[in-house]
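K.L.:
One structure follows; several queries about it will come next.
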Amino acid sequence: MDWLERIAKLRQWTRSGTRAPHKPLLLLHALGRFQQDPHSELRYSAVEEELHLLLSEYGPPNKTTPAYPFHHLVSDGVREVRTDHGPVSPGSGVRDLRETGATGRLAPELRTALRREPELLGRISRLLLDLHFPPSLHGELCEAVGLELEPMETEQLPTVRRQRDRRMRELVLTAYEYRCAFCGYDGRIGTVPVGLEAAHVRWWAFGGPDDVDNGLCLCSLHHKLFDKGVLGVGDGHRILVSQRFVGHSPAAREQVIALSGRPLVGPQPGVRPVAADHLVWHTSGNSSSAGRTESKVRRRTSRPWPGPSPTRSKPARGGVPRTPPLLLIEWRGPARPSRGLARVYPTPRPMMGTRPNTRSWS
0 MDWLERIAKL
10 RQWTRSGTRA
20 PHKPLLLLHA
30 LGRFQQDPHS
40 ELRYSAVEEE
50 LHLLLSEYGP
60 PNKTTPAYPF
70 HHLVSDGVRE
80 VRTDHGPVSP
90 GSGVRDLRET
100 GATGRLAPEL
110 RTALRREPEL
120 LGRISRLLLD
130 LHFPPSLHGE
140 LCEAVGLELE
150 PMETEQLPTV
160 RRQRDRRMRE
170 LVLTAYEYRC
180 AFCGYDGRIG
190 TVPVGLEAAH
200 VRWWAFGGPD
210 DVDNGLCLCS
220 LHHKLFDKGV
230 LGVGDGHRIL
240 VSQRFVGHSP
250 AAREQVIALS
260 GRPLVGPQPG
270 VRPVAADHLV
280 WHTSGNSSSA
290 GRTESKVRRR
300 TSRPWPGPSP
310 TRSKPARGGV
320 PRTPPLLLIE
330 WRGPARPSRG
340 LARVYPTPRP
350 MMGTRPNTRS
360 WS
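When you line the sequence shown up against numbering that gives the first Met the number 0, it's residues 0 to 361, in that order.
Below you can see the structure in the form of structure tokens.
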């Protein structure tokens, strides 16, 4: 049995070309638990909160529950669910999963294959990451689900039929003259740029092309924030900052909040800027919710301080894949000119005992 092919063909809920990542996330979590203890069974009531946090962090912005992938992965042949009454899943109802003592783990055939071929776990994990998430999130996702991958397991797998164009990085960095499009950072060691990366606007995992007009030259920090939905690009190619971003240090204000409303640095004359379709995909804020969620975007206008009122973004063109599951849909107004770092639309400070800032949104 070709497990890589089966994993690549997981049936997923789709709308307008966008796949919901619920099943890949739960499967990565199950692989992490198997790596730690091959004999463990995960009771739904015991891991429900952990799975919910995982979906909130890396899943779609709409309300969801881990009960759906917990049950539906059984039909893909990669997972089994048992209850106190026998080896049958009670369904995708949260109450049923709790009350029947439902437990889940990898399917027996897959567990056998992983024991017989230990490197298969890393190959499956890498395949899931490559197919559903941008590279900037792979490391933290592995940490979140408890996976430890060897370097040899991070090579490109032949099962991923689309191959990345290795020339894109050089083309994008050249287009932006080796400067971060958000902050202008241009560090080098000798003649070699360091800390600069080519970021896909529409994720490669969601059909984004390896073209210059789908790329931005970003420093490592702003690349991560861009993929996490903290930063975006709006009308007039000006920088957007999520209203839900929380940061109180001078560094957070200078490196993130103060960017709101600034124009992008580059590209150089004669190079195509980021295509409008890719920008719409990245900022529209709708991945798997039924119907389109209107984005609240604040723009620069001639209105006096404290700035413009929210306006609605243009709807995405038909057939264009919607946003990745991480993106937020509310953006800050431009930074106040006279005060520079002053916050336009403050985000309430998190209460003591809440999750860290990077997990404070959903």
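We put the CB at the ideal spot given by N, CA and C, even for glycine. These numbers were taken from a predicted model, which means no experiment stands behind them.
Helix, strand or coil for G235 per DSSP?
P.N.:
Looking at G235 - three-state DSSP - the assignment turns out to be helix.
K.L.:
Using CA atoms only, rank isn't needed, just tell me which of E79, H247, R78, G103 is closest to A45.
P.N.:
Residue G103 is the option with its Cα nearest to A45.
K.L.:
In or out: L340 buried (at least 16 other Cβ within 10 Å) or exposed?
P.N.:
Because the pLDDT at L340 is just 32, under 50, the model does not fix this residue reliably, and the value given afterwards should be weighed accordingly. Exposed is the call here.
K.L.:
Could you round the C-beta distance between L30 and L126 to whole angstroms and report it? I think they count as a contact, below 8 Å.
P.N.:
Contact doesn't hold; Cβ gap of about 11 Å is too wide.
K.L.:
For M167, which option in W280, V193, D210, Q242 has the closest C-alpha, if you only look at C-alpha atoms?
P.N.:
The shortest C-alpha separation from M167 is found at D210.
K.L.:
Quick check: the Cα distance between G233 and Q254, rounded to an integer number of angstroms?
P.N.:
Each residue's alpha carbon lies about 18 Å from the other.
K.L.:
With 16 other CB atoms within 10 Å as the buried threshold, where does A275 fall?
P.N.:
Counting Cβ neighbours within 10 Å, A275 comes out exposed, since fewer than 16 surround it.
K.L.:
Taking the alpha-carbon positions, what's the Q155 to A143 distance?
P.N.:
Unreliable positioning characterises Q155 in this predicted model, as indicated by a pLDDT of 48, which lies under 50. The coordinate reading is nonetheless provided below. In a straight line, the C-alpha of Q155 is about 22 Å away from that of A143.
K.L.:
Could you check if A204 is buried or exposed, using at least 16 other CB atoms within 10 Å of its CB as the buried criterion?
P.N.:
Label assigned to A204: buried.
K.L.:
Look at V171 and L278 and say whether their C-beta atoms are less than 8 Å apart.
P.N.:
No, the pair does not count as a contact, with Cβ atoms beyond the cut-off.
K.L.:
By the three-class DSSP mapping on this structure, what secondary structure does P117 have?
P.N.:
Three-state result, P117: coil.
K.L.:
For G76 versus R5, is the C-beta distance shorter than 8 Å?
P.N.:
In contact: G76 and R5 (Cβ atoms closer than 8 Å).
K.L.:
In chain order, which alpha helix (DSSP H) runs of at least 4 residues are fully inside the region 67-110?
P.N.:
Runs found: 93-98.
K.L.:
Which ranges does the beta strand (DSSP E) cover as unbroken runs of at least 3 residues, wholly within the region 177-241, from first to last along the chain?
P.N.:
DSSP runs (the beta strand (DSSP E)) wholly in the region 177-241: 195-199, 214-218, 230-232, 238-240.
K.L.:
Quick one: what does DSSP say P37 is sitting in, helix, strand or coil?
P.N.:
Here P37 sits in coil by DSSP.
K.L.:
Does the distance from the C-beta atom of Y57 to that of P20 stay below 8 Å?
P.N.:
Going by C-beta atoms, Y57 is nearer than 8 Å to P20.
K.L.:
Secondary structure at R32, three-state DSSP: helix, strand or coil?
P.N.:
Three-state result, R32: helix.
K.L.:
Cβ of D212 less than 8 Å from any chain D Cβ?
P.N.:
The structure shown contains no chain D; it is built from a single protein chain.
K.L.:
Once the 5 residues before and after W2 are set aside, which same chain residues still bring their CB inside 7 Å of it?
P.N.:
The answer, listed in chain order, is L109, A112, L119, I123.
K.L.:
Under the DSSP definition of a beta bridge, which residues are partnered with P262?
P.N.:
According to DSSP, P262 bridges with R237.
K.L.:
Could you tell me the alpha carbon to alpha carbon distance between V240 and A251, rounded to whole angstroms?
P.N.:
Going from the Cα of V240 to the Cα of A251 covers about 12 Å.
K.L.:
Going by DSSP, what residues sit across from R42 in a beta bridge?
P.N.:
In DSSP, R42 forms a bridge with T102.
K.L.:
Indicate whether L96 and L25 have their beta-carbon atoms separated by less than 8 Å.
P.N.:
For L96 and L25, no; Cβs fall outside 8 Å.
K.L.:
With a CB to CB cut of under 6 Å and the five nearest residues on each side skipped, what residues in its chain are close to V264?
P.N.:
Excluding positions up to five away in sequence, the list reads R178, A180, G183.
K.L.:
Measure the Cβ-Cβ separation of R114 and P37 and say whether it is below 8 Å.
P.N.:
Against a cut-off of 8 Å, the Cβ pair of P37 and R114 comes out as a contact.
K.L.:
So, with DSSP's three-state summary, where would you put L146?
P.N.:
Residue state, collapsed to three classes: coil.
K.L.:
Using 8 Å for Cβ pairs, my map puts H70 next to G100. What's the rounded Cβ distance?
P.N.:
About 14 Å; that fails the 8 Å criterion.
K.L.:
Between L130 and L140, is the Cβ-Cβ spacing less than 8 Å?
P.N.:
No, the Cβ-Cβ distance between L130 and L140 is not below 8 Å.
K.L.:
Is the beta carbon of L230 less than 8 Å from the beta carbon of L224?
P.N.:
Yes, these two residues count as a Cβ contact at 8 Å.
K.L.:
Between L105 and F33, which are expected to be in contact by the criterion C-beta below 8 Å, what is the C-beta distance as a whole number of angstroms?
P.N.:
So it is a contact: roughly 6 Å between Cβ atoms.
K.L.:
Taking 6 Å as the limit between beta carbons, can you name the residues of its chain near P192, skipping five residues before and five after?
P.N.:
Here the set comprises Y177.
K.L.:
Return helix, strand or coil for S135, following the three-state DSSP convention.
P.N.:
Helix.
K.L.:
Would you kindly check if the distance between the Cβ of L41 and the Cβ of P23 is under 8 Å?
P.N.:
In this structure, L41 does not lie closer than 8 Å to P23 by Cβ.
K.L.:
Nearest by alpha-carbon distance to H84: which of S74, E98, R78 is it?
P.N.:
Among S74, E98, R78, the Cα nearest to that of H84 belongs to E98.
K.L.:
Between which two residues does the alpha helix (DSSP H) carrying P272 extend?
P.N.:
Run containing P272: none; DSSP gives neither H nor E here.
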